[in-house]
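Reading through the structure tokens given below for one structure.
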Amino acid sequence: MNMINVKINGVDYSVPAGITVLEACKYANIDIPTLCYLKDINEIGACRLCLVEVTGARGMVAACVYPVADGMEIQTNTAKIRAARKTNLELVLSAHEKKCLTCIRSTTCELQKLAQEYKVDEDRFCYSEKEEKKPLDLSSPSILRDNNKCILCRRCVAACNKLQGIGAIGATNRGYDTEIAPSFEKVLADTSCINCGQCIVACPVGALYEKDDTQKILDAINDPTKHVAICCAPSVRTAIGECFGYEPGTDAQGKMVAALKALGFDGVYDMNFTADLTIMEEGYEFINRVKNGGALPLITSCSPGWVKYCEHYFPDMIENLSSCKSPQQMFGAMYKSYFAEKLGLDPKDIVFVSAIPCTAKKFEVGRDGQSNDGLPNVDIAVTTRELGRMIEQAGIDFKSLADAEFDSPIDIGSGAGAIFGATGGVMEAALRTAAEVLEGKPLEKIDFEEVRGTEGIKFASYKIGDMTVNVAVASGTANAAKLLKGVQDGTYNVQFIEIMACPGGCVNGGGQPIQPAVVRNSIDLRKVRASILYNADANLLGYRKSHENPIVKKVYEEFLGEPNSHKAHELLHTHYIPRGL
Ligand code: SF4
Ligand code: SF4
Ligand code: SF4
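Take 461 as the starting number for the sequence shown in the working numbering and just add one per residue.
This is the structure:
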């Protein structure tokens, strides 16, 4: 690495050539304030909070876009810099609806934190009181947009464009009238938005957030005629601790289960079980398509954001999608049928809740083809963030809870089910089962390490029986588009594809706790959260293959018959529709 010498606040440092002043300051352990900057996603120098003074420049420069040079002297904290940053914050606040008392982002808001740090006069350039309140966009089943709080940092626009390749929202109008919105005055629900929530986790303030469904859950819990059950997706346990001050990468499964029991759910279950069931159905679907000439490559369907993306952008590949419902939907379908009977419950009295890291699941619960016998499979999908708020509001001291176990009879998930939450995990889980079935003997090696890791697109090739199976994994729909275009033009010859809408998979879903840019820019949340799932797979769980899960075996023996049976199709499979752009 080519190193150069710089002086930061009078102290000498050696830093790599080609980096920005902002990155160089990390070598001096100095955090420069930012509002618009997100590493590799939004580097536009727009908010002017990262102003610094450097030799050779006229005036102050934006550290996030200004490159270092050998011999450069950098000042980060002079009176002039502090005054300029403070004025810029006051200008941001001049057009901002300041309602910190009730704002969903209060205490996690990056603007609020900086306003406190810089002791700003929030009304110095007050103009907003004369302004007409901008209407909220409530059209989406997943996302709420409040432009009264938008500070025009454009992080959401970059996330939607660069990570997802969608561009559902962008800057409209000019000057003081500039707003972030869909084009042509549409509402979000009328665009090709896939409800992924990557815009929410990028937003520094309370201008974007999930539709809150917590009151519906509290109402159901308070209704003595209802049986309220919840199942927890693998990724929720990897991040819910962050809502209560734990470092990213803390496994909070035991406390999460204890907190949900304390909230009053009648049953708290592990969604790893239906991740295993998905693998059974999807693995056999793959085997059937290979043997009987079905549409290949088979593409996974457990990510509802990805499924909607496919319907909008690759409608001619809908037949390649697995017909399997996602694990949350399979869980609800099984709970309101087989398990209701086991537990002596009338399915009509069940309110089934799924705890998920994903805002797109809120859209999925209302999709066509996600109900049986006139009852929705899942009644309410609630994100990790909403769960965190419910626990806090109920006064439950999360940190001091003793670990609890999931409830019987759905308390066993395999390691294969656990790794569903990370990009490559569904593929690895499916390969463990498909390879063993096709080879007809136990696998010697069950770690398919080539499909692990956070790269956007991964390829691997495996010899299974007398067949070579080429597989690909993509996360983030911009990467999915690259991969699928390569499949369509013959560049890539693959038979099985895993796609997750969110970069890194569900662990980095749009419903996970929001970490400020200063954390996101320095910690790979995808990696640290996924490490919890791989640790559970390797060290904590008794079974590592979906077809070995004893509950899965029993469900097939007693109820479903065999994977892809008629009964399984009725309950566990669905269909898709082409959508316009
Ligand atoms: S977005 Fe931040 S500064 Fe604005 S009201 Fe909410 S918490 Fe307060
Ligand atoms: S939810 Fe996803 S697709 Fe929709 S606007 Fe946000 S980033 Fe774009
Ligand atoms: S909605 Fe949030 S992320 Fe998007 S521009 Fe406004 S403040 Fe920035």
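Every residue, glycine too, gets a C-beta built ideally from N, C-alpha and C. Note that this is a predicted model, so its numbers are computed, not measured.
Between proline 817 and alanine 699, the gap from beta carbon to beta carbon is short of 8 Å. One thing to note: arginine 892 has its Cβ within 8 Å of the Cβ of isoleucine 906. Between isoleucine 660 and isoleucine 603, the gap from beta carbon to beta carbon is short of 8 Å.
Pairing glycine 709 with isoleucine 992 gives a Cβ-Cβ distance under 8 Å.
Residue environment analysis places serine 814 among the buried positions, since at least 16 neighbouring C-beta atoms fall within 10 angstroms of its C-beta. Annotated three-state conformation of glycine 727 is strand, per DSSP. Judged by the Cβ position, valine 665 qualifies as a neighbour of ligand 1 at the 7 Å threshold, a heavy atom of the ligand being closer than this.
Those residues placing their Cβ nearer than 6 Å to any heavy atom of ligand 2 are, following chain order, Ile603, Ala619, Cys620, Gln624, Ile626, Ala628, Ile629, Cys653, Ile654, Asn655, Cys656, Gly657, Gln658, Cys659. Going by DSSP, glutamate 592 is part of no beta strand (DSSP E) at all; its letter is neither H nor E. As the crow flies, the alpha-carbon of lysine 559 is around 11 Å from that of leucine 553.
Scanning the region 478–525 for uninterrupted beta strand (DSSP E) segments of 3 residues or longer gives 511–514, listed from N- to C-terminal end.
Along the region 920–984, the alpha helix (DSSP H) occurs as fully enclosed runs of 4 or more residues at 937–948, 977–980, listed in sequence order. Annotation: the continuous alpha helix (DSSP H) that includes arginine 892 extends over 885–899. In the assembly as shown, glycine 754 is an exposed residue. Its beta-carbon has fewer than 16 other beta-carbons within 10 Å.
Between the C-alpha atoms of glycine 630 and glutamate 1008 there is a straight-line separation of about 48 Å. Secondary-structure assignment with DSSP links arginine 605 through a beta bridge to Asp597, Leu668. Under the Cβ criterion (8 Å, minimum of three pairs), the region 855–872 does not count as touching the region 831–846. Check the Cα spacing between leucine 551 and each of Gly701, Cys663, Arg584: the tightest is with Arg584. Taken in chain order, the complete alpha helix (DSSP H) segments of 4 or more residues contained in the region 803–869 are 820–824, 844–853.
For arginine 542, the CB stays at least 7 Å from every heavy atom of ligand 3. Here proline 1010 is exposed, its C-beta having fewer than 16 other C-beta atoms within 10 Å. Not one heavy atom of ligand 3 is found less than 7 Å from the C-beta of arginine 565. Proximity of the beta carbon of arginine 614 to ligand 3 is indicated: a heavy atom of the ligand is located closer than 7 Å. For isoleucine 541, same chain residues with a beta-carbon under 8 Å away, outside a window of 5 residues either side, are Leu511, Val512, Glu513, Met520, Gln535 in chain order. Within its own chain, the residues whose Cβ lies closer than 6 Å to the Cβ of valine 767, once the five positions on either side in sequence are excluded, are Ser761, listed in chain order.
For cysteine 818, the shortest C-beta to heavy atom distance toward ligand 3 is 7 Å or greater.
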